[in-house]
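One structure is given here, and the rest of the page talks about it.
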Amino acid sequence: MCGIVGYIGESQAAPILLEGLAKLEYRGYDSAGIAVYDGSQINMMKSVGRLKVLNELTHDGETLPGTLGIGHTRWATHGSPNDVNAHPHYNSDNTIAVVHNGIIENYMKLRKRLTAHGYTFISETDTEVVAHLLDYYYKGNPIETIIKVMHRVEGSYALGIIFKDHPDEVYAVRKDSPLIVGHTKDGNILASDVPAVLKYTRNVYFIENEEIVRLSKTDMKFYNVDEEELEKEATTIEWDVSAAEKGGYEHYMLKEMYEQPKAVRDTISPADPRIVNNKIEISELNMTDEEICSIHKLYIVACGSAYHAGVTGKYVIEGLARIPVEVDLASEFRYRDPIYEKNSMAIIISQSGETADSLAALRDAKAHGIKVLGIVNVVGSSIAREADSVMYTWAGPEIAVATTKAYSAQLIALYLLAMKFAYTRQQIDDNELQTLIKDLRKLPEQMELLLNNKEKIQHFANRYIASRDVFFIGRGIDYAISLEGSLKLKEISYIHSEAYAAGELKHGTISLIEEGTLVAAVLTQEQLYKKTISNMVEVKSRGAFVLAVTNTGNTEVEKAADYVIYIPQTNKYFANSLAIIPLQLFGYYVSLGKGCDIDKPRNLAKSVTVE
Ligand code: AGP
């Protein structure tokens, strides 16, 4: 995934572009570049490395004067991260410049066709094909040119484009990659995401697929592929700039971990409360009790941590509501040719709402007549807009690539759904519902207790920054917790880690256990304690160092563990919300000890908008 910005107005463009890119760096950060029209030509500066390199090269934009420009921060898909492959890209005579987020899937075929027409390429990117294709069709009308290019390219794109002989306008178009536009005090701005424009406006226009934008200093116009002008409504963004800043924390990830109690409270009780008169009310579902009772199956589809939340969702929904649930990785789901049952519903979980695999799974389910519920954090994102109904997780903007508060909010959304379905389908009575509601409301303060225990975790973590392999094991919901604990560690510390269903370890993986190998065992499900303890003994007898994360009072575990972290007692279905806190802190402090870039881990991006 990448980030694009564009600006036209009375102010110097370069500083605005650089500032916008800084707010989008979480989307990709292996190289960056800007192109600015100086009144006679389009000048460009781009460089491999973090945005600060570009800031230094351009003296914070001073070396690129002009009030019209585009910018880009890259997560490489085609062509390694280097100066040449960085965006923007020119056409042959530097009269057109383009930035792109997405993937042009038929770029090789187009590249061959353009080469046959005499075009030469200097980069390995798919985006340079767009620059030359724009040139190929350009006869002086940018909108007409863009439409012709749209008919030829396949794949996903959010494009920012400037034409030298249209120095009073910047153009944009999107298909499957996010794009927004907004007014600044003296012009207009386009970007991949809200943080880049929030400094100027909280009224943003979400661009829909195959809509084209023409921005001038004083005007913004929208067109469809028939060149018809469109009317669009602005969406008001509720969260404020500080919400997207570090707020004194060393890293966004640490700040967002500490925002988890608030994210949980806000997801339980958003502006439209979800617990009313001690009953669960999820108005966004748009489902009658009859419809809820008629559900025969649920398909939960997501990627990464959202998938891990979905695995927990399966246990909780099946346990409480007794509805069969299938959970799939979105990148696998539509390729297994799923057998969609009648009276079923798909639940797509996504923090960003832009993950290409999850969006594609949503479309596949809808194409088969399956009602889709989105559990999404970014308001107005593609998945939120294309789902039949959306249940927002009110975690606020999440900047760190490694998700924490959005994940915790996803769990809450799934608990609420399970409770709603269980009570409506009379699988639980009112007493049981009230007990669940009481336990749910206690989670934020219990999370705060665990977060305040960070020094103990940091001390323990420092012993493992040199680890080569770390294993996480658990059964049932504890396996789901292990999946997320393992991902948190590996994605920000680069230490190899795997999660295993505890009972599966002896079917092969246990051969990897050596003297001192760290095995983190999660034991929150009382009915499974003994089983997991026996797995702990198995690995311990082969030299492992065993960390246990378990419920207060389960002292039995101490005979099999070398180090124990106790979490407060809660309902067994909600245990993930508490057990994940020490595991998040563990991953964070190992990464900190290793000196890794915690908020922007290598090779990653906050939302993967390419397949
Ligand atoms: C989680 O820490 C990772 N950043 C990643 O696995 C993420 O959960 C996944 O890419 C899904 O993103 P989404 O929730 O925005 O769809």
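In terms of my numbering, the sequence shown has 75 at position 93, counting the first letter as 1, and numbering is strictly consecutive. Cβ atoms here follow ideal geometry from the backbone N, Cα and C, with glycine treated the same way. All values reported here derive from a predicted model rather than from experimental measurement.
Its chain contains Met327 and Asp370 as the residues whose beta carbon lies nearer than 6 Å to that of Lys353, once the 5 sequence neighbours on both sides are disregarded; these appear in chain order. In this structure, Lys420 keeps its C-beta atom at 8 Å or more from the C-beta atom of Ile264.
In the DSSP annotation of this structure, the continuous segment of the beta strand (DSSP E) that includes Ile143 starts and ends at Gly137 to Phe145.
Of the candidates Tyr231, Thr294 and Leu3, Thr294 places its Cα closest to the Cα of Ser559.
For Asn268, the closest of Arg316, Leu510, Gly356 and Phe188 by C-alpha to C-alpha distance is Gly356. Between the C-alpha atoms of Arg345 and Ala395 there is a straight-line separation of about 22 Å. Per DSSP, reduced to three states, the secondary structure at Asn25 is strand. Of the candidates Ala484, Ser340 and Ile305, the residue whose Cα lies closest to the Cα of Tyr405 is Ile305. For Glu466, the enclosing alpha helix (DSSP H) begins and ends at Ile459 to Ser475. Looking only at Glu496, Ile547 and Thr534, the smallest Cα-Cα distance to Lys522 is reached by Glu496. Ranked by Cα distance from Glu190, the options Lys541, Ala17, Glu213 and Asp168 are led by Glu213.
Contact annotation: the segment 229 to 239 does not touch the segment 16 to 34, with fewer than three C-beta pairs closer than 8 Å. Taken atom to atom, the span from the alpha-carbon of Pro255 to that of Met373 is near 12 Å.
Put simply, the segment 478 to 498 does not touch the segment 572 to 582. Fewer than three CB pairs are less than 8 Å apart. With a cut-off of 8 Å on Cβ pairs, the segment 114 to 134 is in contact with the segment 190 to 201, counting three or more such pairs. Under the three-state reduction of DSSP output, Ser13 falls in the strand class. In this structure, the straight-line span from the alpha carbon of Trp221 to that of Ala245 is close to 13 Å.
Within 7 Å of the C-beta of Gly577 there is not a single heavy atom belonging to the ligand AGP.
Spatial neighbours of Ser138 in its own chain (CB-CB distance under 7 Å, excluding positions within 5 residues in sequence) are listed in chain order as Gly84, Ile85, Lys157, Asp158, Ser159, Ala338, Thr591 and Val592. The Cβ-Cβ distance between Val539 and Ala530 falls below 8 Å. Taking Glu508 as reference, the option from Val358, Tyr555, Gly(-15) and Lys296 with the minimal CA-CA separation is Tyr555.
Annotated three-state conformation of Leu161 is coil, per DSSP. Per DSSP, the continuous beta strand (DSSP E) segment holding Ala483 begins and ends at His478 to Ala483. Here Ser493 is exposed: its Cβ has fewer than 16 other Cβ atoms, across all protein chains shown, within 10 Å. The residues Ala291, Thr294, Asn558 and Ser559, in chain order, have a CB closer than 7 Å to that of Leu393 in the same chain once the five nearest residues on each side in sequence are set aside.
Beta-bridge partners of Arg156 (DSSP): Ala140.
Taking the C-beta atoms as reference points, Val81 is found no nearer than 8 Å to Gly21. Around the beta carbon of Tyr317, a 10 Å sphere encloses fewer than 16 other beta carbons of the protein chains shown; the residue is thus reported as exposed. Per DSSP, reduced to three states, the secondary structure at Gly301 is helical. Taken through DSSP and simplified to helix, strand or coil, Glu272 comes out as helix. Counting C-beta pairs with one atom in each stretch, the segment 405 to 418 and the segment 428 to 447 have fewer than three that are closer than 8 Å, which means they do not touch. With contact defined as three or more Cβ pairs closer than 8 Å, the segment 37 to 49 and the segment 87 to 96 are not in contact.
Ranked by Cα distance from Gln333, the first of Ala79, Thr386 and Gly301 is Thr386. By the neighbour-count criterion, in which 16 or more other beta carbons inside 10 Å mark a residue as buried, His71 falls on the buried side.
Between the C-alpha atoms of Tyr281 and Glu(-8) there is a straight-line separation of about 51 Å. The three-state secondary structure of Asn206, taken from DSSP, is coil.
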